[in-house]
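Quick note: the sequence shown uses numbering that gives the first Met the number 0, first residue 0, plus one each step.
A virtual CB, placed ideally from N, CA and C, is assigned to each residue, including glycine.
These notes concern the structure reproduced below.
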Amino acid sequence: MSLNTSSNVFLDSVPSNTNRFQVNIINESHDSGAAVSDSTDPPHYEETSFGDEAQNRLRISFRPGNQECYDNFLQNGETAKTDASFHAYDSHTNTYYLQTFGHNTIDAVPKIEYYRNTGSVSGPKVSRPSLLEIHEQLAKNVSVAPGSADRVANGDGMSGEEQAENKEEDTAGVVKFGWVKGVLVRCMLNIWGVMLFIRLSWIVGEAGIGLGVIIIGLSVVVTTLTGGAYYLISRSLGPEFGGSIGLIFAFANAVAVAMYVVGFAETVVDLLKESDSMMVDQTNDIRIIGSITVVILLGISVAGMEWEAKAQVILLVILLIAIANFFIGTVIPSNNEKKSRGFFNYQASIFAENFGPSFTKGEGFFSVFAIFFPAATGILAGANISGDLEDPQDAIPRGTMLAIFITTVAYIGVAICVAACVVRDATGSMNDTIVSGMNCNGSAACGLGYDFSRCQYEPCQYGLMNNFQVMSMVSGFGPLITAGIFSATLSSALASLVSAPKVFQALCKDNIFKGLQFFAKGYGKNNEPLRGYFLTFLIAMAFILIAELNVIAPIISNFFLASYALINFSCFHASYAKSPGWRPAYGIYNMWVSLFGAILCCAVMFVINWWAAVITYVIELSLYIYVTYKKPDVNWGSSTQALSYVSALDNALELTTVEDHVKNFRPQCIVLTGGPMTRPALLDITHAFTKNSGLCICCEVFVGPRKLCVKEMNSGMAKKQAWLIKNKIKAFYAAVAADCFRDGVRSLLQASGLGRMKPNTLVIGYKKNWRKAPLTEIENYVGIIHDAFDFEIGVVIVRISQGFDISQVLQVQDELEKLEQERLALEATIKDNECAEGSAGIRGLFKKAGKLNITKPTPKKDSSINSIQSMHVGEFNQKLVEASAQFKKKQGKGTIDVWWLFDDGGLTLLIPYILTLRKKWKDCKLRIYVGGKINRIEEEKIAMASLLSKFRIKFADIHIIGDINIKPNKESWKVFEEMIEPYRLHESCKDLTTAEKLKRETPWKITDAELETVKEKSYRQVRLNELLQEHSRAANLIVLSLPVARKGSISDLLYLAWLEILTKNLPPVLLVRGNHKNVLTFYS
């Protein structure tokens, strides 16, 4: 990885030639030799090498990059004066626009464009100047460039004029609505739908005036106070709202189209019946007319939002005239024909008779409520097209609340008026008048001179209970009511036909359901969801074929109530999570009202139809489980996320109040992986014993000039954490910038973690290239082991034959991906120019190819690919990649050999035990090796078995090694002596003066005195390797007690030589040393 910089941006002194400094001190090289394997014998772990090029793999190079400068500033932020007439407060120059509170600066004042989401429908997102741009020193002696002041002030590298032009281009032709046309009109039309003219009279006839008003009020309460509008207002919705209600709400809107169209078709069929012009029969005529109607509505919707909005205004005017016509008709004296059909103008007796309920067979309060409820759901008609509003935050609350007020008054007024004028049952026969001597049944009609008593035992066609066209009869001019019915039904159908695709498109754009991505595509300037229109059309057609309004309406009620219940609970949940970003703007907002609303919606659902409610929630639960399982890559800042944070914080604080107990000990690891993708094997083996049980932090130390390192570190934090999440590794990523590797690790060891969730184990890769590495790297490597022990943190050193670092492989992959992208770009360019004619087309091709810098496939002389090829890239990559993935695979039947030579508190035993609990390692059995006396092998074996049994740790075998302390054979000792020979001082062979001089000049070398003092320990390491080769060469994994180097007594090179000879030519080895505090207990 490299950083490009320029001295004009960072004022650190950087030489013009290429400089390099080491970033990752722990780099693995490869010893010479070839891998040898045999089909019968266990594998011989000989380590391979592919040249010395691997020694210096990860370096940061300083190369001259693109110069970044701010054209109008000196280092101290003052504007460069390039003209004698220039003045800092000159409002006639471009530089004037750089002024914030009267001072020239690139600091930007607050404005809404900075806070929009990318791709916001309400306007472009503008990037403010970064903290780096404001904080860093600026280049000196630069001239004022025309327009640059605007660029800097706007904070996004674009002049204000350019922004204005771009915004004009982007918004040209885009239709945006205000609160009247966009919200008020739509809501009123959608609420004044089919129910107002052809079902309200039936509802008030069934439920009576009293319960009818309660039904209307309850619907308004559910949808407004504790429903959708309340949620919208409390959230102060922005333009990004759209798909949060989800599939069910979109589906309910699609079915609503069918309901309104069937209502329209019913009216048309009634007209055809009156004129004796039926086509087939009533049901099929409704289907035919409904199908034709929905096709016409689809055409209007596809024509675009502007046409649809104009049609809505015309329909509203007709609707208002029709409503006014109804109220006028109630005071026009009734004639005999209307009286025979039950209309007697305002009569107190009719009002009194109709005040109470009179439910027919199969009907009840909640069944009638279910049929009426869809009328109140139109309140979301404006919110559903929030992306097409100029100012949704202002338009939605204002338009919705006014629409609710107006329509509620109208519904209650119409309900009371029609119930005060029309009786429940009427025959329609003018001969059914009462003559003198006839007995009257005491009904209001009898008192007004009509006998409709035969309606009690035979069906009648007129009256509130029987005639759905009562309002047309009552009105002053009947055709106007018919026009109003057409207007109400068609406008509501049109609004739903627009709302459903818009909501569905927003849901698809969020990419929650991968299979629905097809419907996310929009067309034209308004991003019309044409595919969603056709899907809504198909759903509506399917329900139109039912041809029964009273069947369709309860289905919609069920889905709308479920949607509102979820919305209310979301509002409550967001408040309960106490997120600072949750700031309801509604003055009388209370989260408990939202919770009450959610409970009310659920209760009403079950009262209306319990089995339909169960089916609805089963569907919702299935969708929830699906989304939870798929884990879509979206981030909405949800209340669930906020509550998770609060819970995690509370739990972390609660943990600090309880002392740690040995029974709850778990390895919590800092893993020095560098970038997590560069050492996957090291991360995999650590993750194997921390997953679901302990903390794992992947750490990286950036070494070098602080400014460069911090920039590199910050730019990669999110990417590397995302890599962990993508690869389902339960770990955190942390990085520090430091002057040297050891200082960075020391900071991590001290500051990582939170409360009780602090690391207690350091995991590092074995330093294979220690014999070729600079002395500072060796000092840092051994130094971090000493630091870990100083902080009472356990250490795990992992060694595998091929090493961990695959950064070269990743570099090759990146290069190949870039080449592939360039190839595809060239192919696309050629394809675009295939139809071009003459030389102009050819010139255009070469011009585009020149921009892509791929006109000549010239190989890069310094490219990493060439350097890899010289190292036999095929062989190198294959073995390294295989080694890096060895811990991802399921380990076959085998053993984990635990050489528990020194009691470190039990960590050496606990880690392999945890591994055997994992799915990939469960077929491996534990074999325990401990040191002992030759004459007490059986007794010590029994004692160890007893101890392991008390620890409740299962094992396959126990081996007592009684010959650990004997001298190794001469060949093995010779290998060790040859290994340390280049690093010995040999002061005993020199005179005293020369020896002292050598000690001062090379204090890091191994002295003869030191070697003699620790000779027994050196013997032990060599001997242990012999024993490991003898007993554990076929093991899947070796876990071995890590020898400790006493500070000031053991030199760094001698210690690394011990580790080298101890683990040489073996299967994967974990050298483990706990902090000598108990991590195992036999107390349950």
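Which residues DSSP lists as bridging ARG926, in chain order: ARG926 is bridged by DSSP to ASP896 and ASP956.
Proximity of LYS256 and LEU496 at Cβ, strictly below 8 Å: It should be noted that the sequence gives Val, not Lys, for residue 256. Yes, they are a contact pair.
Candidates PRO396, ILE190 and GLN468, of which the one nearest GLU273 by Cα: When only C-alpha atoms are compared, the closest one is GLN468.
Beta-bridge partners of MET1084, as assigned by DSSP: Lying before the first or after the last residue shown, residue 1084 is absent from the chain, which here runs from 0 to 1083.
Cβ-based burial, ILE551 [other Cβ within 10 Å; buried from 16]: So ILE551 counts as buried.
Residues of its chain near LEU1036, where Cβ-Cβ distance is below 6 Å and the 5 sequence neighbours each way are ignored: The residues ILE895 and PRO1067, in chain order, have a CB closer than 6 Å to that of LEU1036 in the same chain once the five nearest residues on each side in sequence are set aside.
Residues that MET756 bridges to, as DSSP identifies them: Bridge partners of MET756: LEU753.
Selection from PRO704, THR627, PHE740 and ARG917 that minimises the alpha carbon distance to SER692: Cα-wise, what sits closest to SER692 is ARG917.
Beta bridge counterpart(s) of TYR732 as assigned by DSSP: Paired residue(s): CYS697.
Own chain partners of GLY192 with C-beta closer than 7 Å, once the 5 adjacent residues on each side are dropped: Result list for GLY192: TYR259, ALA374, GLY377, ALA487, THR488 and SER491, in chain order.
Inter-residue CB distance, LEU1069 and VAL1038 (contact presumed, cutoff 8 Å): Right, the Cβ-Cβ distance comes to about 5 Å (below 8 Å), so this counts as a contact.
Top-ranked residue by Cα proximity to PHE365, from GLY905, GLY531 and ASN557: Nearest C-alpha to PHE365: ASN557.
Residue from LYS309, TRP899 and TYR410 with nearest C-alpha to LEU199: Selected option, being the one with the closest Cα: TYR410.
Simplified DSSP state of PHE176, which is helix, strand or coil: Strand at PHE176.
Helix, strand or coil at ALA942 [DSSP, three-state]: If DSSP states are grouped into helix, strand and coil, ALA942 belongs with the helices.
Rounded C-alpha distance that separates TYR575 from ALA394: TYR575 and ALA394 have their C-alpha atoms spaced approximately 27 Å apart.
Contacts around PHE325, its chain only, beta-carbon distance under 7 Å, and the 5 residues preceding and following it disregarded: Within the same chain, PHE325 has close Cβ partners VAL413, MET470, VAL473, SER474 and ILE480.
Residue burial classification, PHE404 (beta-carbon count within 10 angstroms, cutoff 16): PHE404 is classed as exposed because its beta carbon has fewer than 16 other beta carbons within 10 Å across all chains shown.
Rounded C-alpha distance that separates LEU1027 from ALA884: C-alpha separation (whole angstroms): 24 Å.
Closest Cα partner of TYR765 within the set THR1012, ILE792 and VAL670: Out of THR1012, ILE792 and VAL670, VAL670 has the C-alpha closest to the C-alpha of TYR765.
Whole-angstrom C-beta distance between ILE696 and VAL744, which should lie under 8 Å: The Cβ separation is near 12 Å, so there is no contact.
Segment contact flag, the stretch 789 to 803 with the stretch 763 to 777, C-beta cutoff 8 Å, min 3 pairs: The stretch 789 to 803 vs the stretch 763 to 777: in contact.
Contacts around ILE957, its chain only, beta-carbon distance under 7 Å, and the 5 residues preceding and following it disregarded: Listed in chain order, the non-local C-beta contacts of ILE957 below 7 Å within the same chain comprise ILE927, LYS940, MET943 and ALA944, local neighbours out to five positions each way being set aside.
Same chain, Cβ closer than 6 Å to GLU362, neighbours up to 5 away in sequence not counted: Here the set comprises GLU205.
Sufficient close CB pairs (3 or more, under 8 Å) joining the stretch 207 to 226 to the stretch 340 to 359: By the Cβ test, the stretch 207 to 226 is in contact with the stretch 340 to 359, since at least three Cβ pairs between them sit closer than 8 Å.
Cut-off 8 Å between Cβ atoms - residues of its own chain near ILE1094, not counting five sequence neighbours on either side: No information on residue 1094 is available, as it lies outside the stretch 0 to 1083 that the chain covers here.
CA-to-CA distance, ALA561 to TYR616, given in whole angstroms: C-alpha of TYR616 to C-alpha of ALA561: approximately 8 Å in a straight line.
Beta-carbon spacing of ILE614, GLY289 below 8 Å: Contact flag unset, no.
Helix, strand or coil at LEU1079 [DSSP, three-state]: DSSP, read as helix, strand or coil, puts LEU1079 in coil.
PHE404 - DSSP class collapsed to helix/strand/coil: Helix at PHE404.
Any 3 or more C-beta pairs closer than 8 Å across the stretch 904 to 917 and the stretch 1075 to 1083: Flag = yes, the stretch 904 to 917 and the stretch 1075 to 1083 touch.
Contacts around ALA482, its chain only, beta-carbon distance under 7 Å, and the 5 residues preceding and following it disregarded: For ALA482, where only same-chain residues beyond five positions count, the Cβ hits under 7 Å are ILE317 and ALA321.
7 Å Cβ shell around GLN1147 - same chain, five flanking residues per side excluded: This structure leaves residue 1147 out entirely; the chain is present only between 0 and 1083.
Check whether GLN311 and VAL179 have beta carbons under 8 Å apart: In this structure, VAL179 does not lie closer than 8 Å to GLN311 by Cβ.
Residue closest to GLU986, alpha-carbon to alpha-carbon, out of ALA369, ARG999 and PHE342: Ranking ALA369, ARG999 and PHE342 by CA distance to the CA of GLU986 puts ARG999 first.
CB contact flag (GLY891, ALA1034, <8 Å): At least 8 Å separates the beta-carbon of GLY891 from that of ALA1034.
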